[in-house]
Amino acid sequence: AIHPLMTSWTITGCPLDRLDSLLDTLETVPELETLRLNDMNLPLAVMRRIAQIASLKEIDVSDTDVGNEHLEVICQLEQLHSLSVANTNITDTGLIFLKKLRLLKALNLNNNRLTEAGLHYLVGLVSLRELSLAGAAVNRAALNRLQRLVLIEKLDLRSTHLTHHGLSALASFRRLRKLKLGGNRIENEGLISLLPFVRLESLDLSGTPITDEAAEILVRMPRLRRLYLAGTAMGDVGLKKLSELATLSYVDVRKTAITSEGLEQFHGNLPSARVKVDPAQQPESHVVRGIDLLELSKVRIKRNLQAEPIAVMADETASPPAHWFDTMTSLRTLKNVELQDLHLDTEQFRLIRNLQQLQALALKRCHLSDNALGALATLRSLAWVDLRDTPITNAGLKYLSRLPSLTNLCLSRTEVSDEGIAFLKQSVLLKDLVLKQCGNLTDEALPSLKALENLKHLDVRGTQISPSGYEELTKALPGCKTRY
Numbered sequence: 286a287i288h289p290l291m292t293s294w295t296i297t298g299c300p301l302d303r304l305d306s307l308l309d310t311l312e313t314v315p316e317l318e319t320l321r322l323n324d325m326n327l328p329l330a331v332m333r334r335i336a337q338i339a340s341l342k343e344i345d346v347s348d349t350d351v352g353n354e355h356l357e358v359i360c361q362l363e364q365l366h367s368l369s370v371a372n373t374n375i376t377d378t379g380l381i382f383l384k385k386l387r388l389l390k391a392l393n394l395n396n397n398r399l400t401e402a403g404l405h406y407l408v409g410l411v412s413l414r415e416l417s418l419a420g421a422a423v424n425r426a427a428l429n430r431l432q433r434l435v436l437i438e439k440l441d442l443r444s445t446h447l448t449h450h451g452l453s454a455l456a457s458f459r460r461l462r463k464l465k466l467g468g469n470r471i472e473n474e475g476l477i478s479l480l481p482f483v484r485l486e487s488l489d490l491s492g493t494p495i496t497d498e499a500a501e502i503l504v505r506m507p508r509l510r511r512l513y514l515a516g517t518a519m520g521d522v523g524l525k526k527l528s529e530l531a532t533l534s535y536v537d538v539r540k541t542a543i544t545s546e547g548l549e550q551f552h553g554n555l556p557s558a559r560v561k562v563d564p565a566q567q568p569e570s571h572v573v574r575g576i577d578l579l580e581l582s583k584v585r586i587k588r589n590l591q592a593e594p595i596a597v598m599a600d601e602t603a604s605p606p607a608h609w610f611d612t613m614t615s616l617r618t619l620k621n622v623e624l625q626d627l628h629l630d631t632e633q634f635r636l637i638r639n640l641q642q643l644q645a646l647a648l649k650r651c652h653l654s655d656n657a658l659g660a661l662a663t664l665r666s667l668a669w670v671d672l673r674d675t676p677i678t679n680a681g682l683k684y685l686s687r688l689p690s691l692t693n694l695c696l697s698r699t700e701v702s703d704e705g706i707a708f709l710k711q712s713v714l715l716k717d718l719v720l721k722q723c724g725n726l727t728d729e730a731l732p733s734l735k736a737l738e739n740l741k742h743l744d745v746r747g748t749q750i751s752p753s754g755y756e757e758l759t760k761a762l763p764g765c766k767t768r769y
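Numbers 286 to 769, taken from the working numbering, label the letters of the sequence shown in order.
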């Protein structure tokens, strides 16, 4: 039962029928202010129901299939103070609806396909204190459009193609306390533009090409407490200089050239500061960042003519995925991921949802849970999935059926059964289905298989489907080549 005075509710990976039931109850809670719905498909009808909950002040629908039409409905709640639509399908044209949210104080648009053309719709949101635009195409011109947002205290501009030349456009954000610039080409001299931000307490420069010389500027920031330098060219000399910053309480120096000797010296000079390091420091004094880390981990990478990574391959000869999976999922141009004979952690695998351009995914003989597949639900371009020889069961098939573009699926030698195949009836685009040696499949699966009218290839060799069942399939699916 839901307490009538409950003010916050979080729902993750919920089936649609269960979600409808929960909404029936939530609509009766008069004090509900915060609603988080993540890792699921959200039909427009569901969003319209949510928009009727007039008490809501905060909505988070990150990691869902929400698009511009959904955003238009959400913006009917003009009293919202916080909105998160990260990792969704929002585009520039959808941002026009945000103009209604004059009371909005926090907006998370991370990892959507946004450009300068859409960001100008944000200029009227003058109450904003927090703005997250990671993954958007943000340049100096785009930031200039946002100069009216003078109350901004927290700004996320990670992986936005921003350069150090564009940092001067941040000048109007004098209240900044937290700034994330990781993954951009921010060089040492660009940091001078940040010195006027005397309130700055947290700065993320992870994956930028700054060097030891940057420390000379960073120590001039009077309130800096948290500093993220993972994947930079910072070394022992720079870290020693940072130990002069008495306010510093936390610094992340993973995947840098900093040595154990440098760390010891830093701790001696500033013992109160906590330092996050790699479990095993790299012995080479060079930057280990992005693709460099993957190649060192024996993950093979294929690039296109523009040198962008479009495919990765890794097997049991690679380092454990715990060391590189998060880095791999930061390569947002990837279209093909092929992994085999690896153990994949459920929580870490959730990062796969960052790969919004992913079209093909093979996890041959990988060990992963059914729940891990829930992270695939928001990958609208994913068409080809190979799960042969994995421990996937019917519960995993339920998540796969939510993939809107699924055309090819291999489930050979998995534990799926007749009941699980029924979920695939939702996969109306499915053309190629391989169920070879799925020993739990019987003639009971025939009605579900016959419903897949677009099938061109079906492999049921090694199942318990009878010869008469095979004949029934060939008659029901005359345009499909069925292997038996």
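Yeah, the Cβ is synthetic: ideal placement off N, Cα and C, and Gly gets one too.
Asked: Close Cβ partners of A565 (< 7 Å) along its chain, the five nearest in sequence each way excluded; Found: Low per-residue confidence applies at A565: pLDDT is 48, beneath 50, and the placement is therefore not dependable, though the value from the model is reported in the following sentence. Closer than 7 Å at the Cβ level, and outside the excluded window around A565, lies no residue.
Asked: Every unbroken alpha helix (DSSP H) within the region 475-513, with a cutoff of 4 residues, ordered by chain; Found: 499-503
Asked: Contact the region 631-642 vs the region 677-686: 3+ CB pairs below 8 Å; Found: no
Asked: Cβ neighbour criterion (16 or more within 10 Å) applied to S753; Found: exposed
Asked: For Y535, the three-state DSSP class (helix, strand or coil); Found: strand
Asked: K390 beta carbon less than 7 Å from that of R414; Found: yes
Asked: Range of the contiguous alpha helix (DSSP H) that encloses H652; Found: From DSSP, H652 is part of no alpha helix (DSSP H); its letter is neither H nor E.
Asked: Option nearest G724 by Cα separation, candidates S751, G520, P494; Found: S751
Asked: Pair within 7 Å by beta-carbon distance, V423 and T448; Found: no
Asked: N589, buried or exposed, once every other Cβ within 10 Å from all chains shown has been counted against 16; Found: exposed
Asked: Collapsed DSSP secondary structure at N393 in the structure displayed; Found: strand
Asked: Where A761 sits in the DSSP three-state scheme; Found: helix
Asked: Inter-residue Cα distance where the pair is A657 and I502; Found: 43 Å
Asked: Collapsed DSSP secondary structure at P732 in the structure displayed; Found: helix
Asked: T297 and N326 closer than 7 Å at C-beta; Found: no
Asked: Residue(s) in a DSSP beta bridge with C299; Found: None; C299 has no bridge partner.
Asked: Whole-Å CB distance - N395 paired with D441, under 8 Å assumed; Found: 7 Å
Asked: Burial state of V358 (16 or more Cβ within 10 Å); Found: buried
Asked: Residue span of the beta strand (DSSP E) that contains Q722, given as start and end; Found: Neither: Q722 is in no beta strand (DSSP E) and is coded neither H nor E.
Asked: Proximity of T699 and L726 at Cβ, strictly below 7 Å; Found: no
Asked: Member of A371, R387, N679 whose CA lies at the smallest distance from the CA of L399; Found: A371
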